[in-house]
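So for the sequence shown, the working numbering puts the first residue at 1354; every next one is plus one.
No residue lacks a Cβ here, since even glycine has one placed at the ideal position from N, Cα and C.
Predicted, not measured: the structure shown is a model, and the values here were computed from it.
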Amino acid sequence: MPHRTRLRHDYYMPDYGDRPKITLMLAEQIADSLAADIIKGVYAQGQQLVETTLAETYKVSRGPIRDALQLLEVEGLVTIQPRRGATVAVITPEKMKAVFEVRAVLYGLIAADLAQQCDIALFGRLRASTEALKANVGADVETYMPLWYALNRQVVEAGRNEYAYKFLSSLLRLTLPVTRKVMLDERNRGAWIADWEAVLAQIERGDVTAADATARRWIIAVYEKDLRLAETDFEGSPQAGGAEGTRRSRKKPTQTPVQERKQARR
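Quick look at the structure:
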């Protein structure tokens, strides 16, 4: 496998994955914390992110806050508009479709590559990560999601295509706010694992064509579940003319993601 420089966004997701211990710049630390809160639903889609309020929360000047928001804009988690400022990005059904179309192709490419590699040691590591995920299928979401994210990243990093790796690494974050809500349902976790094990079986057999096709179906199955939830969230977002984004404290979210979905349907 070629040497890779790990992308910065892997470093500011403290609750997802086994990132290395490194020293972060102040803006990156703030971006790290904001990204985790966006993924967890502490900040709702379309909610305004006021620089002065965030500066007070983090006890810093507005400069590092502005830099942190710009970092998150690059990742697709935040939208910055002239005169309006920063808001949490809204994952529209159209955006979801575009992301998963590309993701399905690239995961198929990686699965085919892994089947061609026939790396027994790698297969063992993937199996071990899969078993760890299965063992925690009934765990709380804060326990399950780091294992889920780590397995996804392990698959992406195992491929030998540098560009597929870079692109997929960024896409892994983009839809996490929706995927995390989907994974609140244990049935969705079980279905995801079953579909992934079908992909892994084709990889272990060395069937390049079947691995490609099965991986694409696996990602499309994820898309279909995420899309249903994304449509519900989008209907209740300010951009769709729904309820105003909840003005919640960063440290004291007033509703769980499940409660938010119920309220949006009323």
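Option nearest Thr1432 by Cα separation, candidates Gln1398, Thr1532, Val1452 = Gln1398
Are the beta-carbon atoms of Ala1408 and Ile1418 separated by less than 8 Å?
-> yes
Starting from Ala1439, follow its DSSP beta bridges and name the residues at the other end.
-> Leu1402, Ile1433
Presumed contact (8 Å Cβ cut-off) between Val1561 and Ala1465, rounded CB distance | 5 Å
The segment 1489-1502 contacting the segment 1534-1554, beta-carbon criterion three pairs below 8 Å = yes
Between the C-alpha atoms of Asp1420 and Leu1525, what's the straight-line distance to the nearest angstrom?
-> 22 Å
Near Phe1476, which residues of its chain fall below 6 Å by C-beta distance, leaving aside the five closest residues on each side in sequence?
-> Glu1557
Measure from the alpha carbon of Val1552 to the alpha carbon of each residue in Gly1491, Gly1461, Gln1469, then state which is nearest.
-> Gly1461
Do Val1575 and Leu1527 come within 8 Å of each other at the CB atom, strictly closer than that value?
-> no
Which whole-angstrom value describes the C-beta separation of Leu1467 and Ala1564, a residue pair presumed to lie in contact below a C-beta threshold of 8 Å?
-> 7 Å
Between the CA atoms of Ile1473 and Leu1529 - distance to the nearest angstrom = 30 Å
To the nearest angstrom, how far is it from the Cα of Glu1426 to the Cα of Val1441?
-> 9 Å
Please classify Arg1506: is it buried, with 16 or more other beta-carbons within 10 angstroms of its beta-carbon, or exposed?
-> buried
Pairwise C-alpha distance: Ser1386 and Val1413 = 14 Å
Excluding five sequence neighbours on each side, which residues of the same chain lie with their C-beta closer than 6 Å to the C-beta of Gln1555?
-> Ala1563, Ala1564, Thr1567
Give a yes or no on whether the C-beta atoms belonging to Leu1521 and Arg1570 are separated by under 8 Å.
-> no
Hey, Thr1483 and Trp1549: beta-carbon distance below 8 Å or not?
-> yes
Using the C-alpha atoms, what's the distance from Ala1389 back to Leu1379?
-> 16 Å
What is the rounded straight-line gap between the Cα of Ser1523 and the Cα of Ala1481?
-> 25 Å
With distances taken between CB atoms, is the gap from Ile1463 to Val1509 smaller than 8 Å?
-> yes
What do you get for Arg1533, buried or exposed, if any count of 16 or more other CB atoms within 10 angstroms of its CB means buried?
-> buried
Please state whether DSSP places Arg1513 in a helix, a strand or coil.
-> coil
If you drop the 5 nearest sequence neighbours on each side, which residues of the same chain put their C-beta closer than 7 Å to that of Arg1581?
-> none
Helix or strand or just coil, what does DSSP make of Val1395?
-> coil
Using CA coordinates, which residue listed in Leu1424, Gly1416, Arg1436, Glu1428 is at the minimum distance from Gln1401?
-> Arg1436
Could you give the residue range of the alpha helix (DSSP H) that holds Asp1538?
-> Note, Asp1538: premise wrong, no alpha helix (DSSP H); not H, not E.
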